[in-house]
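Chains A and E supply the protein sequences, listed in that same order.
Quick note: the first sequence uses the UniProt record's numbering, first residue 1, plus one each step.
Quick note: the second sequence uses the UniProt record's numbering, first residue 1, plus one each step.
For each residue, glycine too, the CB sits at the ideal point set by N, CA and C.
Nothing here was measured: the structure is a model prediction, and the numbers come from that model.
Reviewing the structure listed below.
Protein chains: 2
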Amino acid sequence: MAFPRPKPTTMETLAMERANPPFNIRKLSIAMHGSEKALVLKEKFMAEIARHPAFKLSDIHDLSKDELRERTMEKFASMVYFVTTESLETFSLRMQLIGIADPSFWTRFGVAYGLFLGALRSGATPNQLSYWIDKGVLGLNGVIGCFAMTELAHGSNVAGLETTATFDRDSDTFVIHTPHLGATKWWIGGAASTATHAAVFAQMIVDGKKYGVKTFVTQLRDTKTFQLLPGVTIGDIGKKMGRDGIDNGYIQFTYVRVPRAHMLMKHTQVSRDGLVTEPPLAQLTYGALLGGRTSMVADSSNSAKKALTVAVRYAAVRRQFSSGKNEIETQLLDYPIHQRRLMPLVAQAVAMGFTGLRLQVMYEQMTQALDTMEPNDPNLNDILDKLKETHATSAGLKAFCTWACLDTIDKCRQSCGGHGYSAYSNFPLMYADFAVQCTWEGDNTILSLQAGRSLVGAWGGAIKGKKLAPGVAYLNDPAILTAKSDSSLSLSDIQRAWQCVAANVIKKAAEEYVSHLKSGKSKDQAMEICSQSRFIAAKVHTVGYIFRLFREAVEEMDDNEETKLLKTVARLYGLWQIEEQQGYFLKYGYFTAQQIDKVQDYVDKLCAEVRGVAIPLIDSFALSDHIINSPLGKWDGSVYESYFAQVQAANPTPKEHPYFNRLIKPLLDRQNEDMEDPGEAMALEEELKELEEERKEAASSKK
Amino acid sequence: MAFPRPKPTTMETLAMERANPPFNIRKLSIAMHGSEKALVLKEKFMAEIARHPAFKLSDIHDLSKDELRERTMEKFASMVYFVTTESLETFSLRMQLIGIADPSFWTRFGVAYGLFLGALRSGATPNQLSYWIDKGVLGLNGVIGCFAMTELAHGSNVAGLETTATFDRDSDTFVIHTPHLGATKWWIGGAASTATHAAVFAQMIVDGKKYGVKTFVTQLRDTKTFQLLPGVTIGDIGKKMGRDGIDNGYIQFTYVRVPRAHMLMKHTQVSRDGLVTEPPLAQLTYGALLGGRTSMVADSSNSAKKALTVAVRYAAVRRQFSSGKNEIETQLLDYPIHQRRLMPLVAQAVAMGFTGLRLQVMYEQMTQALDTMEPNDPNLNDILDKLKETHATSAGLKAFCTWACLDTIDKCRQSCGGHGYSAYSNFPLMYADFAVQCTWEGDNTILSLQAGRSLVGAWGGAIKGKKLAPGVAYLNDPAILTAKSDSSLSLSDIQRAWQCVAANVIKKAAEEYVSHLKSGKSKDQAMEICSQSRFIAAKVHTVGYIFRLFREAVEEMDDNEETKLLKTVARLYGLWQIEEQQGYFLKYGYFTAQQIDKVQDYVDKLCAEVRGVAIPLIDSFALSDHIINSPLGKWDGSVYESYFAQVQAANPTPKEHPYFNRLIKPLLDRQNEDMEDPGEAMALEEELKELEEERKEAASSKK
């Protein structure tokens, strides 16, 4: 049936939105991707996976958990070639893209190459590393790894893990053992059905003495038969909220022996005689964590952009209510409230993107500085200070960026009305897949408190006159606490606003902390009691940090139309967040009540301004139809046609009704008499009454 | 394998939390349920479904969409007995419980009895209603109904629906037709595979004239064979975010004829000759909408309580980090930040519960007043005013309560760390099922704006000296705009705070509206431009309204320990929300910056206080283990054992690995030589160099 289309069609509408953008989309896109090379590579990766059958995405909503997992393994095989031949930089960009397109697979892949291989890289001696690489860790030809850290009863508290690794001198082995149910390794990605080896975190015990948690490479399955090795019990963790393409499992070890040489000994060594040598300093793991968090900031931006690409395109073509009779209905995007729903989120996604890019550069610089640093380097303290500060800030960034992205996905879903609830809109899967980002690699609330703790420390340094690292240098400015707006609402006014308010909330947390210390609490207790204030400090500091990095990036750019737009976007981000958290700005007097009203007006205006170029701006996010995998966000605007086609393709009518005869027919055919009818009882009552009447009458007639 | 358990066990911990509560849990529970009768009925319903095989819930996460739907139909059959024999009051309570336990089934049931039967009740003449009841609408023995309103391109704008119903005088029928793809009926619950008839909303056309949207009962399938009737095309909408147990479908009509008598004619009539009689006044539909919204407020409270029951019990037994060496780890619930994460949400759920109860009473009173009202009733205007106000307020309540609940579910999930991401925690399904509440029965944002529009109107009335309906009567108080806190942070101080701030934000919205009118905008345009301020007005008014209803309920209670606790909870709710929205309180000067700091301290304190009785308080929500369906929230605290048992039961190890031979073995067995190695190319270069060297040497030796 060929349906006529109403005019203008959704496709025509989207084409009109794209006509004559006031800036160059390609140039804007390059700026957002950091370089032309990064953009070109991304386009290449997108084309590759769009054509690869294992990366088919349109049918993903209707696959069972088992089908998803099997497909994950097909993708795994297709990636081995790249991991063994591409440069790390190129491959990282490829993985970043996979992370947006297919988070389930990304996770399985990350477990093998990020976590398992990462554990070897950071924990193995050079010879140990060579050994495992020879065994086939890179090409998966011999070793498919997983990462067995978390236990059923222990997640965040890694030091509290309860799996034991007891040294047996006679056999020169460690005995890995799960002492009770709570110590069962849990959530282990890849364990359920695809890993041969695990990096097992366990409490090392030598001669009865506990040495804390170390890592032991433990074989789980025979590589020829895939049978579990003796003493290894593995089960499937089953259904999850999202990421069902990865086979998370649980593992219980019952006195499993691993050779002593399979303990990773870069830091702590155990000799043949059971002599334990511990490293002079605690392991320097800042760098490793920083890498993960940096990529999560980028992923938050990218995932938010993916959801927004769908929501904004849909809002441009969806029409609802007309302003007059016989007039064409209004595009959702033309409603001020709809602009309010989406444009600030667009600004936030762009802000997180630039923050991610700059973090990446900082991270690379630091890694290089650390790699080349000598123990007696005169800049050692400076570098370590900067590292510590960035590490703490990145904890807050991980938390607030992942939260912001999760929130964005759900707001985008809601902004598409009922259709956002269809699996084929892809919002449900995006949400379900992304949700875990708020929990893993450190629960967001706990990370926020860590960031807050560091800020309290920085404040302590500032009042002692210590020169602080760049991220918190504003605390060194004695005038910042009492700064006032110059009423311009310019980028510099906004930045000062955030610094003023951040300094005040940090000061509040620090003062609470000190007062609890003075009242006799321990440091840990005092920190716990001021948790809420630490949390607020981290929240405000983090938004200010994102704004500053975004602003710096934009101000370094050439003065052109793209930069002009990005400045508008930066302003929208900064002012919208001020509006969202206006309480602090009023409380610390940076803005007056009248100025806050002006902020609201200005945000309205900026939303309308960004709306004007919303479609070209979204296009610059450069996400293919294959990646966004949502008919509602189709590039050409053929929203309803694509949606209908996908629904039809995914849901063919079965030849026979699956349960009509068993369940529906008996209901429909049921006669009322088939059921005991309370009415029958009532009819009996009537009859009884009639009988009684008759008897009365009979009795009276006898008289 | 019998594992030893660490001491104290999670079960012992939960038992300790329950020892000696300072109030009577049963009495508190009765207060929360409105009456002892309601609580006893709920317990009866819970016992019934816990024992009914169709209501098995523990395996629900691993059922396919098709299996879920088949089970829905089993439940449907089991409910017919109750719907035909129970009083409406009892049955409504039963449905409320089903709504918490099993939202998918609730929806299928609601489509038949709420929407389809509701459409008949509100739109059919008495004879039409009898006709359909005789046909079997109540017992499903002859008619299984669905509700065909929404179209692919039209949701919120019902007046804009495009399906046509054209009167054909010759055959005395209406011709129902889908003119183009966008007019396809979409999301129609029950259409895909279980309905025989639909209440179809279509544009009525008689003699070429359009009369707006009317309802036509249209048969979809033969009741004997279940084959689609001629001209009816139906397809399955497929996977959704949640509620996959209901078979949503699409319907396209191609010139389908229905008898004229199947148009519902209570309001508009069409005679045999095609004479159209329209009702003198627009349909009074306030009442019907109000009922749905009232039940959504109750459902928001109940669903939030379900999530919180799991999260709070888990937080009581989960331990993480110890404060000293060899000390037992701390219960999550003892961390101030964890109290902050959950206790305000508990208070909010309780507040919404009392609001729902009071709304229900108001709704029943109004329905009665409307039913008995005569056209010349002297109280007519008062009643209508009150109805209109409650109708507008209920729009805001629906929006902000469903948002609050959705937010609560996800915060509860996150508060359980990684385990919250397991399907078996039940949070993923709770979230996915509940999410649609923010969209259907009016998109939350649009409803908020409707509430805001009404508040702007109320303000206009207030400044003209009109006596307002109870919900907005505070706008009549001339002193409210400039009220100040008496620093007590008492319940009355809090209530005044909300009224002061609500009055100010409403005034702001109203003034913006008037200024746009003065600048020449139309009423609709002016309303659109001040959307953001209207939204804020609705948000603040609604929280204040919830707080007021909660407070009123609590202050009417006897003075006892349960009431004392509820007052603490009310205070926590009111103050926490002040903290969340502190900007308005500072902006309008109700609180000073110092007082706001006190609010934060007080919220900390109240969180700790409520934490002290958190487990007994949660127990008073009276939700069975079957209903909450989450091992993490088991009543007896056997969290890990139950979780492990459920994971094992749901995921038996398959006899054979499903894809080892096809996908994993080839990877593991692959020799490095199997892949083209760029290293080979490099070896060739070396060889070439060697050859060149040799040639050179040979050449030089010749010299």
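Measure the alpha-carbon distance for residue i versus residue j and round it to whole angstroms.
i, j, result
"Glu43 (chain A)", "Phe585 (chain E)", "50 Å"
"Gly208 (chain E)", "Thr268 (chain E)", "17 Å"
"residue 704 (chain E)", "Val83 (chain E)", "With chain E represented from 1 up to 703, any question about residue 704 (chain E) goes unanswered, as that position is not in the structure."
"Phe621 (chain E)", "Met32 (chain E)", "8 Å"
"Met204 (chain E)", "Thr194 (chain E)", "27 Å"
"Lys467 (chain A)", "Ala479 (chain A)", "15 Å"
"Arg108 (chain E)", "Arg319 (chain A)", "29 Å"
"Met557 (chain E)", "Val647 (chain A)", "54 Å"
"Pro179 (chain A)", "Gln252 (chain A)", "9 Å"
"Ile188 (chain E)", "Ile237 (chain E)", "9 Å"
"Pro378 (chain E)", "Leu384 (chain E)", "11 Å"
"Phe216 (chain E)", "Ala50 (chain E)", "39 Å"
"Pro658 (chain E)", "Asp59 (chain A)", "20 Å"
"Gly471 (chain E)", "Leu455 (chain E)", "10 Å"
"Val310 (chain E)", "Ile627 (chain E)", "11 Å"
"Glu580 (chain E)", "Thr592 (chain E)", "15 Å"
"Glu17 (chain A)", "Leu387 (chain A)", "45 Å"
Please state whether DSSP places residue i in a helix, a strand or coil.
i, result
"Phe147 (chain A)", "strand"
"Lys210 (chain A)", "strand"
"Met204 (chain E)", "strand"
"Asp168 (chain E)", "strand"
"Asp625 (chain E)", "helix"
"Thr268 (chain E)", "coil"
"Phe253 (chain E)", "strand"
"Lys240 (chain A)", "strand"
"Leu228 (chain A)", "strand"
"His657 (chain A)", "coil"
"Val310 (chain E)", "helix"
"Ile246 (chain E)", "coil"
Tell me whether residue i is buried or exposed, calling it buried when 16 or more other Cβ atoms sit within 10 Å of its Cβ.
i, result
"Arg341 (chain E)", "buried"
"Tyr640 (chain A)", "buried"
"Arg71 (chain A)", "buried"
"Val196 (chain A)", "Just to set this straight, residue 196 (chain A) is Thr in the shown sequence, not Val. Thr196 (chain A) should be labelled buried."
"Val258 (chain A)", "buried"
"Ala538 (chain A)", "buried"
"Asn127 (chain E)", "exposed"
"Gly465 (chain E)", "exposed"
"Ile328 (chain E)", "exposed"
"Thr254 (chain E)", "exposed"
"Ala316 (chain E)", "buried"
"Tyr250 (chain E)", "buried"
With a threshold of 7 Å, establish whether the CB of residue i neighbours any heavy atom of the ligand MG.
i, result
"Ile536 (chain A)", "The ligand MG is not part of the structure shown, which contains no ligands of any sort."
- Message: Quick check on the DSSP output: what are the complete alpha helix (DSSP H) runs of length 4 or more inside the stretch 477-564 of chain E, in order along the chain?
- Response: List check, alpha helix (DSSP H) in window: 491-518, 523-529, 531-555.
- Message: When you compare the stretch 469-479 of chain E with the stretch 495-511 of chain E, are there three or more beta-carbon pairs, one atom per stretch, that lie closer than 8 Å?
- Response: Short answer: they touch.
- Item | Length at least 3, wholly inside the stretch 417-478 of chain A: the beta strand (DSSP E) runs in chain order | Annotation note: the stretch 417-478 of chain A contains no uninterrupted beta strand (DSSP E) run of length 3 or greater.
- Counting pairs of beta carbons, one from the stretch 541-549 of chain A and one from the stretch 484-500 of chain A, are three or more of them closer than 8 Å? When C-beta atoms of the stretch 541-549 of chain A are compared with those of the stretch 484-500 of chain A, three or more pairs fall below 8 Å, so the two segments count as touching.
- Item | Contiguous beta strand (DSSP E) assignments of at least 3 residues, all confined to the stretch 39-95 of chain E | Taking 3 residues as the minimum length, the stretch 39-95 of chain E contains no beta strand (DSSP E) run wholly inside it.
- Message: Quick check: the stretch 522-534 of chain E against the stretch 566-576 of chain E, are at least 3 beta-carbon pairs closer than 8 Å?
- Response: The stretch 566-576 of chain E, when compared against the stretch 522-534 of chain E, does not touch it at the 8 Å Cβ threshold.
- Message: I'd like to know if the stretch 12-28 of chain E and the stretch 74-92 of chain E are in contact, where contact means that at least 3 CB-CB pairs between them fall below 8 Å.
- Response: The answer is no - the stretch 74-92 of chain E does not touch the stretch 12-28 of chain E, with fewer than three Cβ pairs under 8 Å.
- Query: Pairing CB atoms from the stretch 444-454 of chain A with CB atoms from the stretch 395-408 of chain A, are three or more of them under 8 Å?
  - Reply: Touching, yes, given that three or more Cβ pairs across the two stretches are closer than 8 Å.
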